[in-house]
Structures are given as C-alpha cells and as structure tokens.
Amino acid sequence: VGFSVDEAQFATVSDAMVRLYECGSGELLKSAEIAGFYRSCGAFHPDGIHLLVSGRMTVMVLELPTLKVVATYEVLKTDDGSSTALVISKDGTKFLVPECRNMNSDKSKAFGWDCSDPLKATELFIKSDYGARMFSCAISDDSSKAVIGGHAPQS
Numbered sequence: 001v002g003f004s005v006d007e008a009q010f011a012t013v014s015d016a017m018v019r020l021y022e023c024g025s026g027e028l029l030k031s032a033e034i035a036g037f038y039r040s041c042g043a044f045h046p047d048g049i050h051l052l053v054s055g056r057m058t059v060m061v062l063e064l065p066t067l068k069v070v071a072t073y074e075v076l077k078t079d080d081g082s083s084t085a086l087v088i089s090k091d092g093t094k095f096l097v098p099e100c101r102n103m104n105s106d107k108s109k110a111f112g113w114d115c116s117d118p119l120k121a122t123e124l125f126i127k128s129d130y131g132a133r134m135f136s137c138a139i140s141d142d143s144s145k146a147v148i149g150g151h152a153p154q155s
C-alpha cells in the first residue's frame, strides 16, 4: 500500500488482511481481517489517523493504529465488475476509484468522492464515458484534476 504521512509506518493489503508495520524495525504492529478481494488496495489519508482500503465494490475507512473499520462506502453501483485502484489527493479532500466491468466493459466507470471528513465521505462525480475497463488513476497535486487509464475504448 504505502507509507504513513510521517513515514513511521507502512501498510500492506491482501484479499482478506491488512497489516500495519513499523518502518525502522519492520515489526508487525497490527493486523486485521477485512472484506477485501484479490485487487484490494489502500492509501493512507493525509490526516494521519485513517487508512482507506478498497474492497470489491466498497471503500473502507480504517482507524489507525487499531485498524478498526469505522466507515464503509458503497462506491460501485453494480456487481458486474470490481474496483481496480484507489488514490487519495495529497490534501485529503478526494479519493478516486476506477472500475473494471466484466460483461459490459465499455460501461466501466470511475468514481470521485469528497473525503475531507473520511467518516462522512460523499460522492462528487462519476466518469462514465471512457468506454473501456479502467485500471489506474491519479489526482493532481492541487486536487483540481484527475486522470484514469485502462484499455483503449472501442470505436
């Protein structure tokens, strides 16, 4: 997943587990079971007290250092696909999740959320005209722009 804001810790995410480690020693500080899947990923929120982790169709907010799930957001609207990435803006105001649909790949979407308060996140936008599966995304340093990447859209 990555490093905490102060770079004192790092986290890893698997299909059913999130683990928090101390950077200097590599000591496992805490682990917790999650409702993840094989593409689960996560990102530390810049507030320093939350870790966001994607499930197949959700984003979970975990409290640090307990790794207790304190909020869950249903991000994807159909069970035809799954989330493929998760990024948080540097200022902590937004997160972005692209989707890879299986049967209707041309209908894959990307979902942008306001996470200024990770416990009360709200949907900001849905990008639905990409026309293909999406696998990656990024948010600009000033949080004003977002980009998605994936397969080439069908013409």
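Residue numbering for the sequence shown follows my numbering, beginning at 1 and increasing consecutively. Glycine included, every Cβ here is placed at the ideal spot set by N, Cα and C.
Note the first and the last residue of the continuous beta strand (DSSP E) segment covering residue i.
| i | result |
| --- | --- |
| residue 127 | 122-127 |
| residue 21 | 17-22 |
| residue 37 | From DSSP, residue 37 is part of no beta strand (DSSP E); its letter is neither H nor E. |
| residue 208 | Here the chain comprises residues numbered 1 to 155, so residue 208 is not present and cannot be evaluated. |
| residue 148 | 146-150 |
I need the DSSP call for residue i, collapsed to helix, strand or coil.
| i | result |
| --- | --- |
| residue 44 | strand |
| residue 13 | strand |
| residue 2 | strand |
Quick test of your reading: residue i and residue j, contact by CB under 8 Å. State the CB separation rounded to the nearest angstrom.
| i | j | result |
| --- | --- | --- |
| residue 118 | residue 52 | 7 Å |
| residue 48 | residue 4 | 7 Å |
| residue 16 | residue 1 | 15 Å between Cβ atoms; not a contact. |
| residue 94 | residue 114 | 6 Å |
| residue 156 | residue 63 | No answer is possible for residue 156: the residues shown for the chain start at 1 and end at 155. |
| residue 82 | residue 37 | 7 Å |
Considering only C-alpha positions, which residue in the set the options is nearest to residue i?
| i | options | result |
| --- | --- | --- |
| residue 128 | 16, 9, 97 | 97 |
| residue 139 | 48, 111, 65, 8 | 111 |
| residue 26 | 14, 9, 40, 39 | 9 |
| residue 14 | 126, 122, 104, 42 | 42 |
| residue 102 | 74, 123, 88, 132 | 132 |
Could you name each continuous beta strand (DSSP E) segment of 3 residues or more that falls completely within the segment 55-119, going from the start of the chain to the end? 58-63, 68-74, 81-83, 94-101, 110-114
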